[in-house]
Amino acid sequence: MSLRISTSSKYAVLISLALTAVTVKAEISQTQWMKLNKASINEHVLPGYQRLALASKALEQTTADLCQNLTDTDLKRTRSRFNDMLNAWQGIQHVQFGPIEVLMRSYTIQFWPDKKNLTSKQLNTVLNNAEPATLTPDYFQTASIAVKGLPAMERILFAEQPLQALKQQKFRCDFLHAISSHLEMQTQNTLNEWKLFKKEFEYTSSEEGAYESAQEATIDLMKAQVEPLEVIRDLKLLRPLGKTQKAKPRRLENWRSRNALLNIQTNIKSLHHLFSGAKDYSLFALLSDHGAIDLAEGIEQQFVALEALLAQVPAPLSHHINEPAVREQLLLITQGISLLHKSLDKSMSTLELQLGFNSRDGD
Amino acid sequence: MMGINRRQFTLLLGCGLVSPNLLAKSQSPLFASAAQTSPEGYALKVISKQGRSLINHQLPARAHHVAKHPHQPLLAAVGRRPETFIDVINYETGLLSKRIESSPGQHFYGHAIYSNDGRWLITTENEIQSGQGLIVIRDCGNDYRVIKQFSSYGIGPHELKLTADGKTLVVANGGILTNPGQGREKLNLDSMQPSLAYIDLQSGRLTEQIFMPAQLHQLSIRHFDINDRGRVVIALQYQGAKSDDVPLIAFHSSGDKNLSLVKAPAAINLAMKQYCGSARFDHSGTTAAVSSPRGDLVTFWNAQDGSFLTALKSRDGCGLAATHVPDEFLISTGRGHCYRFNVKTGLKEKLTLRLSSRTAWDNHLTLL
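Those protein sequence lines, which keep their order, are chains G and Z. According to this note's numbering, the first sequence is numbered sequentially starting from 1465. According to this note's numbering, the second sequence is numbered sequentially starting from 3.
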C-alpha cells in the first residue's frame, strides 16, 4: 500500500500543535471552581428549592381549604397560590441535576409541552372514573406524569366555571388536593435531599463522591446556566409564534393561567441571578478574575437588555401574541437570547469548560 | 517498532539523537479514537499504554468510529454523517496512507469495518437522492476502489459488523432520514422504521431482518456489537416524547423472531435519558457494556439472559472497548478522560493520559 503524504502536511501537523499550545489559558484551580460551586449552591440553588417547597406547602393548604369551602374567595386564593408555586418552579426549573432528576420529579412537577394533549385525556379519565384509589399516595407513585403536576391543577383551577364544576363533583376537588399533596411531598423531599447533596460541591476532588473534581460539579451548574436558553427560545417563544404570521396562543406555556410571559421573565431573571447574583462568588466574578472582564460585563448587559425588552411585552401573552408589533418584539427577544447563548458559550470555551461533547452532539 | 531494530535504537539513544517522537514510538499502542482537540479541530489519536499520544493526525472534519485492520497497522477514521472522507492511517509511521472520498451523491455515516481477511473495507452510506441506505465494499489492495455496493435494506444505516465466520454482515438501520442539504435535521420521525438487517456479504442478499415493534418505531437502532456466538447487543436512541420511559437496550440472536428489549431498573432507565451511545461485549462475549453519555453512566448486562448487572458513573462517557481481560472495559469520555473498569471486581481505574491539548474523545474507542 502506497504512502501518500507530502512533507508540507507533516509540517501542518506540527504548526497546528504549536498553535494549540499558545492558546492554553491560565489554569483555574479546583479551589476556585469549588468557591464558585459553593456560592452558587448556597445563594442560588438551595434558596430556589426552599421557595419551591414553601410555595407548594402553601398551595396544599389553600387547596385543602378550598375543598372545605367552595367559595369565590377560596378559589381566588388557591389560584394565587398556584401562581406562586408555578413562579417558584420557573425560578429553579433550569437546575436539572441532583435530587430533581430522581423519580422524574422535574417532569412530575410540570409536564410540558404536552404535544399529544395527554394531560387532558388522562385527567378526564381519572375524573370520570372517580376511583377513590386514585387519591392515594400509592396511586401517585405510579401514575402518569401527565396527571400529577401543575398542568393538571391548572386545568381544574382555570377551567371555565371552575367553582361550578368543583361543586358538582366532590371528587374533582379531592383529586386537585391529592395532586397538591403529592407536589408538596416531592418538593419537600427535593429540598431535604439537596441539603445532603450540597456536600458534593464542597470538595476539590473525590474518589467516592458524585464528582471526581470541583470542576466536574461546575459543569453541571454551567449546564443549568446555558442550556435552558434554547428551551426558552425554541419551546416557549418560537413554537407558539409559529413559522407563519399566524401564532398559536395555546402553544404558550401556562396560557390558561395567563403566566406565559411571567414564566419567561422569571426564567431570565433567575439565570441572571445564577450568573452574577451570588455575593460570595459567581461566574461573572470568575470571568473578571481571569482577564475576561469585557465578556463578563457584556453578558451582564445582555441580561439587563433582555429583561428590559421582556418588561415591555404586554400580558397576557396569549391575547397579544398575534399582534404584529408584539410578534416583532418577541422575535427580537429570541435573537437576544441567541446572542446571550453565544456569549455564554464563549465564556465556557474561555474557561475551558466542556459542557458535553457526546451527550450534546452525539450520533 | 518499524524499520529500526533494538540495537540501532540503543545506539541512537546513546548519541542523543532520539527525538521525543521516536521515543514515543517505542511505546506500544493501547487504543485509537477520534477526538475534538480544539473548537474547530478534529484528530485521530493513538494513545500508548503509558498514556502518551503516539499519533495525532489532524482530520478534515469530525470523525466517528475508527476501524482497525485485522493484521496490518492500519486504522480507518470515518467521517461522521454527513461527511464524505475516510482517512486511513498507518499507526506505526503515523502517515496518511489514503484519504478515501465517498462516491458523488453519497456520504458516510461514521462507521466502517474491515473484512475478516483484511481485503475489503466495508462502509454504511447514504444515497442522498433516494435517501436509501447502502453498503459499499472497497478493495484495500487496489487503492480502495469500490468493487461493489448494495442496499442496506433500510434508511440511515449506521454501525455494521461481521459474524465470526466473516460471511454475514449485520447492519443497524437507524431509520432516520437526513439530507445533507438540510444539515443533520431528522426528516421522518413520524414514519421511521428502524431495523437490524443480516446480509450475505458475498451476494448482498438479505437473509434476515428484525424490525422494532410498531409502538416503539421511534427507537432508533444505531450501535451494536456481536459476539463469537452471534449474540447481538444493541444501544438504542429514542426519538419520541422526552417523558416516555422506554427500553433502551435490546438483544438478538439470528433466528429469534423478535428483539429482546430490556430495561434497566427504573431509576437507572430514567437516568439514561433515552439515549445510548455505544455497545460492546467484553473479551469473553458474556458481558455487555452500553454507554449513556446524556445520563453520565455506563450500564453492564448479562449477554445471555439480558439481565442487568450494574451501572457505573462516567461523565459524558461514550467510547467503549473490551480489553483482553474478561469482564474488563475501557471507557472514554467527552471530557478527555479514560477509565478501565472491571465488572466482576468493581475496580475502576483512571488512566493517566499525557495530552498536550484539551481532548474530547468521540463516540467510539478501538483497542489496539
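All residues carry an ideal CB built from backbone N, CA and C; glycine is no exception. As the structure is a prediction and not an experimental result, all values here were calculated from the model.
Contacts that residue 1695 of chain G makes with chain Z (C-beta to C-beta distance below 8 angstroms) = Neighbours of residue 1695 of chain G on chain Z: none; closest Cβ ~11 angstroms, over 8 angstroms.
Determine which residues of the stretch 307-335 of chain Z have a Cβ less than 7 angstroms from any Cβ of chain G, and write them out in chain order.
-> Within the stretch 307-335 of chain Z, the residues whose Cβ lies closer than 7 angstroms to some Cβ of chain G are 317, 318, 320, listed in chain order.
Rounded straight-line distance, which links the Cα of residue 258 of chain Z to that of residue 1523 of chain G = Between residue 1523 of chain G and residue 258 of chain Z, the C-alpha separation is close to 53 angstroms.
With DSSP run on the structure shown, which of helix, strand or coil describes residue 1644 of chain G?
-> Here residue 1644 of chain G sits in helix by DSSP.
Under three-state DSSP, which class holds residue 172 of chain Z?
-> DSSP places residue 172 of chain Z in strand when its eight states are reduced to three.
Does the beta-carbon distance from residue 1558 of chain G to residue 1727 of chain G come in below 8 angstroms?
-> In this structure, residue 1727 of chain G does not lie closer than 8 angstroms to residue 1558 of chain G by Cβ.
Report the residue from G:1537, G:1498, G:1555 whose alpha carbon sits nearest the alpha carbon of residue 1737 of chain G.
-> With distances taken between CA atoms, residue 1737 of chain G lies nearest to G:1555 out of G:1537, G:1498, G:1555.
So which residues of chain Z does residue 1566 of chain G contact, with C-beta pairs closer than 8 angstroms?
-> Ordered by position in chain Z, the residues that pass the 8 angstroms Cβ test against residue 1566 of chain G are 269.
Among G:1618, G:1606, G:1518, G:1570, which one has its Cα closest to the Cα of residue 1723 of chain G?
-> It is G:1618 whose Cα lies nearest to the Cα of residue 1723 of chain G.
Could you say which of Z:191, Z:209, Z:205, Z:193 lies nearest to residue 199 of chain Z if we only look at CA atoms?
-> Residue Z:209 is the option with its Cα nearest to residue 199 of chain Z.
Inter-residue spacing [alpha-carbon to alpha-carbon] between residue 163 of chain Z and residue 134 of chain Z = Near 19 angstroms, if we compare the C-alpha coordinates of residue 134 of chain Z and residue 163 of chain Z.
Tell me, to the nearest whole angstrom, how far the beta carbon of residue 1794 of chain G is from that of residue 1777 of chain G; I am working on the premise that it is less than 8 angstroms.
-> For residue 1794 of chain G against residue 1777 of chain G, the beta-carbon gap comes to about 7 angstroms, under 8 angstroms, which counts as contact.
Using the beta-carbon of each residue, which ones in chain G are nearer than 8 angstroms to residue 66 of chain Z?
-> Within chain G, the C-beta atoms nearer than 8 angstroms to that of residue 66 of chain Z come from 1827, in chain order.
Which residues in the same chain have their Cβ closer than 6 angstroms to the Cβ of residue 260 of chain Z, if we skip the five residues on either side of it in sequence?
-> Excluding sequence neighbours, residue 260 of chain Z sits near nothing in its chain.
Hey, how far is the Cα of residue 1488 of chain G from the Cα of residue 365 of chain Z?
-> Note that residue 1488 of chain G scores a pLDDT of 32, beneath 50, so its modelled location is shaky and nothing firm can be said.
Nearest CA to the CA of residue 236 of chain Z: which residue from Z:194, Z:292, Z:275, Z:340?
-> Checking every option, the nearest Cα to that of residue 236 of chain Z belongs to Z:292.
Short CB-CB distance (under 8 angstroms) between residue 1643 of chain G and chain Z = For residue 1643 of chain G, not one C-beta of chain Z is nearer than 8 angstroms to its own C-beta.
Under the DSSP definition of a beta bridge, which residues are partnered with residue 148 of chain Z?
-> Z:140, per the DSSP bridge assignment.
So is residue 185 of chain Z buried or exposed if we call it buried at 16+ other beta carbons inside 10 Å?
-> Classification of residue 185 of chain Z: exposed, given that the 10 Å Cβ count is below 16.
Who are the neighbours of residue 1816 of chain G on chain Z, taking C-beta pairs under 9 angstroms?
-> Ordered by position in chain Z, the residues that pass the 9 angstroms Cβ test against residue 1816 of chain G are 360.
Say whether chain G places a C-beta atom closer than 8 angstroms to the C-beta of residue 82 of chain Z.
-> Cβ-Cβ to chain G under 8 angstroms: yes for residue 82 of chain Z.
Whether residue 369 of chain Z touches residue 325 of chain Z by CB criterion (8 angstroms) | The Cβ atoms of residue 369 of chain Z and residue 325 of chain Z lie closer than 8 angstroms to each other.
Taking three-plus beta-carbon pairs below 8 angstroms as touching, is the stretch 173-187 of chain Z in contact with the stretch 83-94 of chain Z?
-> Yes: at least three Cβ pairs fall under 8 angstroms.
Please classify residue 185 of chain Z: does DSSP put it in a helix, a strand, or coil?
-> In this structure, DSSP gives residue 185 of chain Z a state outside helix and strand, which the three-state scheme calls coil.
Have a look at residue 1677 of chain G and residue 349 of chain Z and give me their C-alpha separation to the nearest angstrom.
-> C-alpha separation (whole angstroms): 19 angstroms.
Return yes when the C-beta of residue 139 of chain Z is under 7 angstroms from any heavy atom of the ligand FAD, and no when it is not.
-> Although the ligand FAD was asked about, the structure shown includes no ligands whatsoever.
Is it right to say residue 217 of chain Z is buried, meaning 16 or more other beta carbons lie within 10 angstroms of its own, or is it exposed?
-> Counting Cβ neighbours within 10 Å, residue 217 of chain Z comes out exposed, since fewer than 16 surround it.
Where does the unbroken beta strand (DSSP E) through residue 340 of chain Z begin, and where does it stop?
-> Its beta strand (DSSP E) spans residues 340-344.
Host beta strand (DSSP E) of residue 350 of chain Z (start-end) | For residue 350 of chain Z, the uninterrupted beta strand (DSSP E) run begins and ends at 350-352, by DSSP.
Inspect the beta-carbon positions of residue 1744 of chain G and residue 1503 of chain G and report whether they are closer than 8 angstroms.
-> Yes.
Take residue 1586 of chain G and list the residues in its own chain whose beta-carbon comes closer than 7 angstroms to its own, dropping the five residues that flank it on each side.
-> Close CB contacts of residue 1586 of chain G within its chain, under the 7 angstroms cut and outside five residues either way in sequence, are with 1608, 1610, 1611 (chain order).
Using a Cβ-Cβ cut-off of 8 angstroms, state whether residue 243 of chain Z counts as contacting chain G.
-> At least one C-beta of chain G is nearer than 8 angstroms to the C-beta of residue 243 of chain Z.
When Cβ atoms are compared, which residues of the stretch 1592-1626 of chain G fall closer than 7 angstroms to chain Z?
-> Residues are counted here when their Cβ sits less than 7 angstroms from a Cβ of chain Z; for the stretch 1592-1626 of chain G these are 1609, given in chain order.
Establish whether the CB of residue 69 of chain Z and some CB of chain G are separated by less than 8 angstroms.
-> Not closer than 8 angstroms to any Cβ of chain G, the Cβ of residue 69 of chain Z fails to qualify, so no.
Which of helix, strand or coil does DSSP assign to residue 356 of chain Z?
-> Of the three classes helix, strand and coil, the one that applies to residue 356 of chain Z here is strand, per DSSP.
Got a sec: is the Cβ-Cβ distance from residue 368 of chain Z to anything in chain G below 8 angstroms?
-> By this cut-off, residue 368 of chain Z is not an interface position.
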